[in-house]
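Undergrad: Numbering (the numbering used here), first residue to last: -9 to 801. Glycine is no exception: its CB is placed at the ideal position from the N, C-alpha and C atoms. Computed from a predicted structure; not experimentally measured.
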């Protein structure tokens, strides 16, 4: 046979067989980078023997005789499963991504160097209690014990030629500050508001931002001093940070607690599902830690040894972002006679200056390219905070950031350590007295059937203004005079209504004396949670765990109601529009995967926003970055804002007199619907019955860095069709991509449901991707489909009771 086909035989002998051998050998070798579950023992720096067991889903159960050893073991286990993620986290916080990724991450590195998270982490470390320091030291020792064994490294290390550095205690504290940065969007909102206010009319400000120009601005000098180009340039850094999964417009969460008087088992139930930018692996790591006093399970954050959200048999806790305004930008006034000085409170004071060097890896293949010259970065700091504008070279107009997470006495880690040991409402509250950032709403339930909520974190009290735009730093007019006192933090305990809901909406009433934020999430998610709870309560039906599960998977978007009623009056322009509008005529706003109406509505609204608000960016025709920001603001307008623009706005968006019927805007409505239908035909064909939302909308779990490398992206990233919208309980955004349709890159990163009884705990969970960060592992992506389908696993040690993966014995 081979003689008859000489070319084929040569291909098999010289190409296919060697390639197969190399691939097989590489696979076998890289499989050795996975944890071995064979009951072996190792020696390490523990006090007494510790066992690490992984259940059938890869969740680690740690049994130790001392709490210190439990923290050591979680460090060891996280390093086994998430070593690349730990290395990536540290490099993000340090501003050292460019050493391995090249010039594409210089901007991110520059901003992180300017923020100096490690300086703040070092200051926090020195103020932690001996117990908190010991827990971080034990965790670092556990991570390093795995590294010192010189294991086969996961594929990312080998592909990039990187070796992990030893983990330090301040690495954990710095990463906690990155997590706070992830939930802090205020500084970018300030810039966006100011850019909008410099061009939009008052009526347009109300339509696009929800508040007026007069409400935003309190000092005309600030407006005149602020260069739109500088601020727009800074906003490019926001996009860069989103590339490494930090921040974004949809960061939030859902959490609610229900009193036992409304539940089937007569015990309180807590539900929680924080929303973050999606990635693989998940930033969360499920674990159960048992030591001498410690007995806690739930979600740890990779890089930290404590359970952030979970339960300890006495209490359960979850959290959502409070959306508090904890960042302010100050436009500093340099001394024209001496550029090393700036004006502060009427006097010239010197900048605090340092220099940094960002080393940059050459593009692939690095070994065949000349070395890339390092970037020298001059960093300035004022009494207001670090000058973040220096990273774009805006030396003539310094913009400094004041942010609570940069306070040197930030003891937030101490709080989460203490809450792991809390046993009632009083000790739960006391744990957070030292808490600083990020500002959170913490929800609570306990075995005595109490429920509560506590807003935690430092929130500034401003001498003037509400932090909605950058302000002058040359006087003390806009300084922070202190923080909202701990005693005045928003809290509720066993309210009469029998439940508490937090969905990034306003947690306080109009009588609350302090300003917290102007940027609450739309109330739709909170309203839907309340609607579903009240539906049971009003009919005197008891709420089950199964019902709570279905609530977490709910995809009904209440925010569409008013606009949908208006759209039902729109006259069809041809048979295709008539068919499309017929789908909407019976639709209830459910953004389910199998809904045709959901697909038509969402795509239509994308084009309707674009056409309706296109005039807003015309004043920036010669300033593309500012124009892009106005377009971004317009693209995120709510459905009620769209309805107002169509029917009641004084801004005349349709170009003629508006009214309460579709007539005056009929051309715009028809054109945008036609564009939507053309797009859906492109994505799914001409058969309208196949235009299901889940067929054009998929969840993307992106991998850093290989999602950016087309030839290997499909190996490391994961995609799955999905439903939901930004305002559904099962939250999901959708960003249009020419090649794939609508990509979801924000969602819940985990789900938990917890009920504590007298002698047992029912703890349901689901992580968004899987426990492992190693693409070759069985638990790399095994939770993606169950998570999409809102299925749960039970966190139960008995499933792994008869098997021990690893025993760590004292050296």
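Taking its Cβ as the centre, do 16 or more other Cβ atoms sit within 10 Å of residue 725, making it buried, or is it exposed?
TA: It is exposed - the Cβ of residue 725 has fewer than 16 other Cβ atoms within 10 Å.
Undergrad: Nearest-angstrom Cα distance between residue 743 and residue 260?
TA: Roughly 6 Å separates the two Cα atoms.
Undergrad: Give me the DSSP bridge partner(s) of residue 50.
TA: Its beta-bridge partners are 44 and 277.
Undergrad: Contact check, residue 590 vs residue 666 under 8 Å by CB: the rounded distance?
TA: Yes, they are in contact, since the Cβ atoms of residue 590 and residue 666 sit about 7 Å apart, within 8 Å.
Undergrad: Tell me, which residues are paired with residue 470 by DSSP?
TA: Looking at the DSSP assignment, residue 470 forms a beta bridge with 452.
Undergrad: Could you give the DSSP three-state label for residue 324: helix, strand or coil?
TA: It is a strand residue.
Undergrad: Can you tell me which of 749, 67 and 41 puts its alpha carbon nearest to the alpha carbon of residue 24?
TA: That would be 67, whose Cα lies nearest to the Cα of residue 24.
Undergrad: Give me whichever residues DSSP pairs with residue 318 in a beta bridge.
TA: Paired residue(s): 392.
Undergrad: So, does the stretch 133 to 149 touch the stretch 184 to 202, judging by three or more C-beta pairs under 8 Å?
TA: Segments in contact, no.
Undergrad: Where do the ends of the beta strand (DSSP E) carrying residue 370 lie?
TA: Looking at the DSSP string, the run of the beta strand (DSSP E) that includes residue 370 is 365 to 371.
Undergrad: Alpha carbon to alpha carbon, what distance is there between residue 688 and residue 732?
TA: About 6 Å.
Undergrad: I believe residue 55 touches residue 38 by the beta-carbon criterion, under 8 Å. Please report the beta-carbon distance rounded to the nearest angstrom.
TA: About 4 Å; that satisfies the 8 Å criterion.
Undergrad: Tell me the rounded alpha-carbon separation between residue 415 and residue 257.
TA: Distance between the alpha carbons of residue 415 and residue 257 is about 16 Å.
Undergrad: Determine the DSSP secondary structure at residue 704, reduced to helix, strand or coil.
TA: Looking at residue 704 - three-state DSSP - the assignment turns out to be helix.
Undergrad: Suppose the cutoff is 6 Å on Cβ atoms and the five residues either side in sequence are ignored; what does the same chain contact list for residue 785 look like?
TA: Contacts found: 287, 753 and 755.
Undergrad: Measure the beta-carbon distance from residue 778 to residue 719 and round it to whole angstroms, keeping in mind my assumption that it falls under 8 Å.
TA: With a Cβ gap of about 15 Å, residue 778 and residue 719 do not count as contacting.
Undergrad: Where does residue 410 sit, in a helix, a strand or coil, going by DSSP?
TA: Reduced to three states, the DSSP call for residue 410 is coil.
Undergrad: Just to confirm, is the Cβ distance from residue 741 to residue 542 under 8 Å?
TA: A contact, by the Cβ cut-off of 8 Å.
Undergrad: Between residue 788 and residue 780, what straight-line distance do the alpha-carbon atoms span, to the nearest angstrom?
TA: Roughly 23 Å between the two C-alpha positions.
Undergrad: Does the separation of the CB atoms of residue 335 and residue 465 fall below 8 Å?
TA: Yes, they are a contact pair.
Undergrad: Classify residue 343: buried if its beta carbon has 16 or more other beta carbons within 10 angstroms, exposed otherwise.
TA: Answer is exposed; the Cβ neighbour count stays below 16.
Undergrad: Is DSSP giving residue 350 helix, strand or coil here?
TA: The answer is coil: DSSP assigns residue 350 none of H, G, I, E or B.
Undergrad: Leaving out five residues before and five after residue 135 in sequence, what residues of the same chain have Cβ atoms less than 6 Å from its Cβ?
TA: Counting only Cβ-Cβ distances below 6 Å, and skipping sequence neighbours, we find 34 and 66.
Undergrad: Using only CA atoms, which one of 595, 406 and 485 lies nearest to residue 629?
TA: The candidate whose alpha carbon is nearest that of residue 629 is 595.
Undergrad: Using the C-alpha atoms, what's the distance from residue 51 back to residue 130?
TA: Approximately 19 Å between the Cα atoms of the pair.
Undergrad: Exposed or buried, residue 265, counting other C-beta atoms within 10 Å across all chains shown (16 or more means buried)?
TA: Buried.
Undergrad: Here's the rule I'm using: 16 or more other beta-carbon atoms within 10 Å means buried, otherwise exposed. How should residue 483 be labelled?
TA: Looking at its Cβ environment, which holds fewer than 16 other Cβ atoms inside 10 Å, residue 483 is exposed.
Undergrad: Please list, in chain order, all residues of the same chain as residue 296 whose beta carbon is under 6 Å from its beta carbon, the five residues on each side excluded.
TA: 406, 407 and 410, listed in sequence order.
Undergrad: Can you tell me which of 451, 477 and 475 puts its alpha carbon nearest to the alpha carbon of residue 467?
TA: Among 451, 477 and 475, the Cα nearest to that of residue 467 belongs to 451.
Undergrad: Starting from residue 588, trace the alpha helix (DSSP H) in both directions and tell me its first and last residue.
TA: Run containing residue 588: 586 to 602, per the alpha helix (DSSP H) assignment.
Undergrad: Quick one: residues in its chain with C-beta nearer than 6 Å to the C-beta of residue 516, no 5 flanking neighbours on either side, listed in chain order?
TA: Excluding residues within five positions, the ones whose Cβ falls inside 6 Å are 491, 493 and 495.
Undergrad: Figure out for me which residue from 64, 314, 367 and 402 has the closest Cα to the Cα of residue 122.
TA: The shortest Cα separation from residue 122 among 64, 314, 367 and 402 belongs to 402.
Undergrad: Between which residues of its own chain and residue 799 is the CB-CB distance below 6 Å, once the five residues before and five after are set aside?
TA: 31, 33 and 39.
Undergrad: Which residue marks the beginning of the alpha helix (DSSP H) containing residue 29, and which one marks its end?
TA: Neither: residue 29 is in no alpha helix (DSSP H) and is coded neither H nor E.
Undergrad: State yes or no: is the C-beta of residue 170 within less than 8 Å of the C-beta of residue 428?
TA: Contact: yes.
Undergrad: For residue 176, report the span of its alpha helix (DSSP H) as first-last.
TA: Counting along the chain, the alpha helix (DSSP H) containing residue 176 begins and ends at 176 to 187.
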